[in-house]
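Asks: Numbering (full-length UniProt numbering), first residue to last: 1 to 214.
Quick one: this structure, given as structure tokens, is what I'll be asking you about.
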Amino acid sequence: MAAARGRGPRAAAAKSKANTPAPAARVRRFDEGRPVVQITIEAAARLAPPAEKVARMVAYFNLNDPDAPSIREATEAAIVAASRELEPVLNERALAIHLQRVVGSFVGSAVSTAQFYDTKAAEARNLSSAIANEHRDEDRMGVDGGENDAARARAFAAQLGVQAFALLVAAEGAVSAYAQITGEEWKPFARSVTPQRSVARRAAAEELSCFDRD
């Protein structure tokens with residue numbers, strides 16, 4: 001009776017198997033199949049809203065207006081000042097590596113925020129569209145005068161747009177500082193796209209070649 005009711009050992013084993021997390025190898029294969037996001041200043045600029053759109057967001061949604069020149073100049077000055085203090089301790093190569101990572105963090109943050117903004121802006125457009133919105137009645141104000149889902153989505157997207165723009169200009173300041181200090185244009189770190197498993201297999205094959213008969 002217990003087995004028939006789903007309480008026997010077979011049911012327990014099936015439930016345990018269902019709750020078992022996916023093997024690490026399977027998760028790794030899934031991650032390897034994801035597209036690689038290019039962390040570049042161009043990618044951030046392409047996804048973030050331009051200055052004229054940000055000005056409209058600030059006006060329509062009563063948001064703080066980012067001072068783009070001040071943000072850019074302050075970021076550049078801070079990185080240059082820190083580098084000057086590190087120059088007596090770090091050699092030229094070590095300082096360049098450090099700056100590569102610092103600037104990369106600024107650009108990476110700008111790209112991630114711009115991507116998030118781009119996604120939420122698309123969601124806001126869909127919710128606000130009479131054609132795309134399946135619940136058009138929700139676009140009306142409720143009896144309590146509260147904002148509807150579409151209005152909240154627009155407000156949230158606008159906040160992200162201003163943030164993405166501010167982080168973009170900060171990243172531009174960081175990139176400018178890198179060029180000023182190193183004399184070279186900043187480029188994203190080129191990470192190898194070869195799966196680790198393939199590298200391990202090649203290494204194993206090379207090791208096994210030691211045992212080949214001549």
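Just so you know, even glycine gets a beta-carbon here, dropped at the ideal spot from N, CA and C.
In whole angstroms, what is the alpha-carbon distance linking residue 170 and residue 91?
Replies: Those two C-alpha atoms are separated by around 26 Å.
Asks: Can you say whether residue 184 is buried or exposed, counting buried as having 16 or more other CB atoms within 10 angstroms of its CB?
Replies: With fewer than 16 Cβ atoms within 10 Å of its Cβ, residue 184 is classed as exposed.
Asks: Within 10 angstroms of the Cβ of residue 75, are there 16 or more other Cβ atoms? Answer buried if so, exposed if not.
Replies: With 16 or more Cβ atoms within 10 Å of its Cβ, residue 75 is classed as buried.
Asks: Would you call the region 148-165 and the region 116-125 touching, i.e. three or more CB-CB distances under 8 Å?
Replies: Touching, per the Cβ criterion.
Asks: Which residue's Cα is closest to the Cα of residue 98: 203, 72 and 186?
Replies: Nearest C-alpha to residue 98: 186.
Asks: Would you mind listing the alpha helix (DSSP H) stretches within the region 44-79 that are 4+ residues and don't spill past its ends, in chain order?
Replies: DSSP runs (the alpha helix (DSSP H)) wholly in the region 44-79: 51-61.
Asks: Quick one: Cα of residue 120 to Cα of residue 173, how far?
Replies: For residue 120 and residue 173, the distance between alpha carbons rounds to 26 Å.
Asks: I'd like the list of long-range same chain contacts for residue 116, defined as Cβ closer than 7 Å, with 5 residues on each side in sequence excluded.
Replies: Once the five neighbours on either side are set aside, the close Cβ partners of residue 116 are 160.
Asks: I believe residue 89 touches residue 181 by the beta-carbon criterion, under 8 Å. Please report the beta-carbon distance rounded to the nearest angstrom.
Replies: The pair is not a contact, with the Cβ atoms about 15 Å apart (cut-off 8 Å).
Asks: Are the CB atoms of residue 66 and residue 166 within a distance shorter than 9 Å?
Replies: The answer is yes: Cβ separation under 9 Å.
Asks: Could you spell out the range, first to last residue, of the alpha helix (DSSP H) harbouring residue 102?
Replies: Looking at the DSSP string, the run of the alpha helix (DSSP H) that includes residue 102 is 92-128.
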